[in-house]
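Engineer: This structure is in structure tokens; I'll ask about it shortly.
Residue numbers (our numbering): 17 to 337.
Next up, the structure:
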């Protein structure tokens, strides 16, 4: 398989004050995460809030630097690349942020927001750039005559369309979409996801789609990776993960997905025991073992590696088979 993005064993730790004493403690936000994305593929990255999904995305675009591991983009190691070395690579990878209000300059006109990446990278003359911006507006469902508007003159869905137009300006190969529809009204989330799917077909893009809405991830993803407390616990093609989940945590997530077909109603959802452990003091062995209904001694004593199982998926579970 041709690989566009190859993430190898990346980890990220943050130091935070702990308790009233203020003594520093270490949070393992991301711990030994690996995956690959092929050209034109969508990998959905799912898990509960605080599991490290967004941190993974920020390390890929180098808003955060990994403490360990490697990030290879189109065969080039960008893990610790300098700002100068990253400049041409940023044309290959762009990011859509969760909140369009926070990612758009409220003082800039929308046409200037989309044109700015072209100016920064020295692409085209003034008239050529403006023509491309107008074309991008049309492609994402905005009118070229709205190029003079500021972000506050758009609705939430239109602002996210504007953010999508901006990331498309440099013709990237990969887009990291960090909860791109969670800040939108439910009524327009489907429009935004369908737009991203249409753009993917037109431009041949690959996506890392970070989300906690499992229904949306199922709709747009070719493969799904499930995270729990900073680690990937299962990876597989979308149909397999949703219909035949292997890891006990994945099963819990998938059983919670609403099913509109009465004939396919689940039995009573099995809620994991206890609370999610603190990332300041993660459990030994498998981090899910305190809540797992099938945990045994080996689960408490030994951390399971992510390994391929009979179904073809990968799971970090001692009892995956």
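C-beta atoms are modelled at their ideal positions from N, C-alpha and C, and glycine is treated no differently.
1. Ordered along the chain, which non-local residues of its own chain (more than five positions away) have a Cβ less than 6 Å from that of residue 53?
2. May I have the straight-line CA-CA distance separating residue 153 from residue 184, to the nearest angstrom?
3. Who pairs with residue 253 in a beta bridge, going by DSSP?
4. So what does residue 225 bridge to, in DSSP terms?
5. Under DSSP, the beta strand (DSSP E) around residue 25 begins and ends at which residues?
6. By the 10 Å Cβ neighbour count, where 16 or more other Cβ atoms means buried, how is residue 123 classified, buried or exposed?
7. Report the partner residues of residue 111 according to the DSSP bridge assignment.
8. With a threshold of 16 other CB atoms inside 10 Å of the CB of residue 297, please say whether the residue is buried or exposed.
9. I'd like to know whether the C-beta atoms of residue 193 and residue 170 end up nearer to each other than 7 Å.
10. For the putative contact between residue 120 and residue 178, defined by C-beta atoms under 8 Å, what is the C-beta separation to the nearest angstrom?
11. Taking 8 Å as the threshold, find out whether the region 126 to 144 comes into contact with the region 78 to 88 through three or more Cβ pairs.
12. Do you know how far the Cα of residue 72 is from the Cα of residue 24?
13. Since residue 305 is in the beta strand (DSSP E), which residue starts that stretch and which ends it?
14. Per the contact definition of three or more C-beta pairs closer than 8 Å, is the region 248 to 263 in contact with the region 91 to 98?
15. What does the Cβ neighbour count give for residue 266, buried or exposed, with the cut at 16 atoms within 10 Å?
16. For residue 29 versus residue 44, is the C-beta spacing smaller than 7 Å?
17. With DSSP as the reference, please indicate the residues paired to residue 52 in a beta bridge.
18. Looking at C-beta atoms only, is the number of pairs between the region 59 to 70 and the region 234 to 248 that lie closer than 8 Å three or more?
19. Taking residue 236 as the reference, which of 203, 197 and 158 has the closest Cα?
20. In angstroms with no decimal places, state the Cα-to-Cα distance between residue 307 and residue 215.
21. Quick one: which unbroken alpha helix (DSSP H) runs of 4-plus residues sit fully inside the region 91 to 141? Chain order, please.
22. What is the DSSP secondary structure of residue 325, counted as helix, strand or coil?
23. Going by DSSP, what residue range makes up the beta strand (DSSP E) through residue 84?
24. Distance check for residue 135 and residue 144, CA to CA, integer angstroms please.
25. If you run the structure through DSSP and keep just helix, strand and coil, what is residue 151?
26. If you draw a straight line from the C-alpha of residue 231 to the C-alpha of residue 329, how long is it?
Structural biologist: In short:
1. 20, 21, 59 and 222
2. 10 Å
3. 239
4. Per DSSP, 60 and 193.
5. In the DSSP assignment, residue 25 falls within the beta strand (DSSP E) that extends over 21 to 34.
6. exposed
7. According to DSSP, residue 111 bridges with 192.
8. exposed
9. no
10. Right, the Cβ-Cβ distance comes to about 7 Å (below 8 Å), so this counts as a contact.
11. no
12. 11 Å
13. Premise fails: residue 305 is in no beta strand (DSSP E) and is neither H nor E.
14. No contact exists between the region 91 to 98 and the region 248 to 263.
15. Its Cβ being crowded by 16 or more others within 10 Å, residue 266 is buried.
16. yes
17. 22
18. Yes, the region 59 to 70 touches the region 234 to 248.
19. 197
20. 40 Å
21. 99 to 105, 116 to 119 and 126 to 136
22. coil
23. Residue range 84 to 89 is occupied by the beta strand (DSSP E) that includes residue 84.
24. Distance between the alpha carbons of residue 144 and residue 135: 11 Å.
25. Helix.
26. 20 Å
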